[in-house]
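**Q** Before I ask anything, let me first share the structure, which is written out below as structure tokens.
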Amino acid sequence: MGDSSAEVGTTVFSGDRLSTEREGSVQIRAGAARLLLQGGTVATLNDSDAAPSAKLFLGTATFSTGNSRAFTLFASRAAIRAQSDGPTIGQVTYLNEKELLVVSKRGPLMITVDGETEVIADGSAYRVLLDPPTTMAQGPEGRRRATKMTDDAG
Numbered sequence: 001m002g003d004s005s006a007e008v009g010t011t012v013f014s015g016d017r018l019s020t021e022r023e024g025s026v027q028i029r030a031g032a033a034r035l036l037l038q039g040g041t042v043a044t045l046n047d048s049d050a051a052p053s054a055k056l057f058l059g060t061a062t063f064s065t066g067n068s069r070a071f072t073l074f075a076s077r078a079a080i081r082a083q084s085d086g087p088t089i090g091q092v093t094y095l096n097e098k099e100l101l102v103v104s105k106r107g108p109l110m111i112t113v114d115g116e117t118e119v120i121a122d123g124s125a126y127r128v129l130l131d132p133p134t135t136m137a138q139g140p141e142g143r144r145r146a147t148k149m150t151d152d153a154g
């Protein structure tokens, strides 16, 4: 946590920067949500719209909640949250500033980029390209130049 180690039961606050060693992990309970940062991950905790949130800068984060407004995970320009108030588990891997891998492990997710929202169905995995090359933004998907999602589940 920041430049020091965290112990079990450590209280974290909005604005705290968390990072994990390559072989480590950390789990945080934030209100009605849980956040797991896997090995080699960097994130900052925040509050958004009076609810806990985190900004992912590197690595993989998994969140779970039973309330669509209980937690938001930000990565680059994307905001990822549960779509419904049912049990939801989402996983986001920050590949680089323009590429994310978003997986719905349980329940549908909503991903919003630059005001456009897409739903990721339960059990689906999407590679999200932010600012894809113009060759990818042609044809029927041409109006979605900011975000290109491809279903990697199948």
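In case it helps, this note's numbering puts the sequence shown at residues 1 to 154.
Beta carbons are placed, not taken as given, at the ideal position from N, Cα and C, and that holds for glycine.
Ends of the beta strand (DSSP E) at residue 22?
**A** By 1-based counting over the sequence shown, the position of residue 22 is 22. It is not in any beta strand (DSSP E) - residue 22 carries neither H nor E in the DSSP assignment.
**Q** Could you name the residues that DSSP lists as bridge partners for residue 27?
**A** Residue 27 sits at position 27 when you count from the first residue of the sequence shown. DSSP, once it has assigned bridges, lists 36 as partnering residue 27.
**Q** For residue 64, does the count of other Cβ atoms within 10 angstroms reach 16, so buried, or fall short, so exposed?
**A** Against the sequence shown, residue 64 aligns to sequence position 64. Buried.
**Q** Put residue 83 into one of helix, strand or coil per three-state DSSP.
**A** As a working mapping, residue 83 is identified with position 83 in the sequence shown. Note: residue 83 maps to coil in three-state DSSP.
**Q** Skipping 5 residues on each side, what residues in its chain have a beta carbon closer than 6 angstroms to that of residue 42?
**A** Position 42 of the sequence shown holds residue 42. Same-chain partners within the cutoff: 19, 57 and 58.
**Q** Please state whether DSSP places residue 98 in a helix, a strand or coil.
**A** Looking up residue 98 in the sequence shown gives position 98. The answer is coil: DSSP assigns residue 98 none of H, G, I, E or B.
**Q** Verify whether the separation of the beta carbon atoms of residue 108 and residue 125 is less than 9 angstroms.
**A** As a first step, residue 108 must be located in the sequence shown, where it is residue number 108. As a first step, residue 125 must be located in the sequence shown, where it is residue number 125. The answer is no: Cβ separation not under 9 angstroms.
**Q** Taking residue 98 as the reference, which of 53, 131 and 112 has the closest Cα?
**A** Residue 98 sits at position 98 when you count from the first residue of the sequence shown. It is 131.
**Q** Find out if the Cβ-Cβ distance for the pair residue 102, residue 128 is shorter than 9 angstroms.
**A** As a working mapping, residue 102 is identified with position 102 in the sequence shown. As a working mapping, residue 128 is identified with position 128 in the sequence shown. Cβ distance < 9 angstroms, so residue 102 and residue 128 count as in contact.
**Q** Output needed for residue 53: all residues of its chain with C-beta closer than 8 angstroms, excluding positions within five of it in sequence on either side, in chain order.
**A** Taking the sequence shown and counting its residues from 1, the one referred to as residue 53 is at position 53. These residues qualify, in order along the chain: 45, 46, 47, 71, 72, 73 and 74.
**Q** Return the CA-CA distance between residue 154 and residue 80, expressed in angstroms with no decimal places.
**A** As a first step, residue 154 is located in the sequence shown; it is residue number 154 there, counting from the start. As a first step, residue 80 is located in the sequence shown; it is residue number 80 there, counting from the start. In this predicted model, residue 154 has a pLDDT of only 47, less than 50, meaning its place in the structure is not dependable; the value taken from the coordinates is given anyway. One C-alpha to the other measures close to 21 angstroms.
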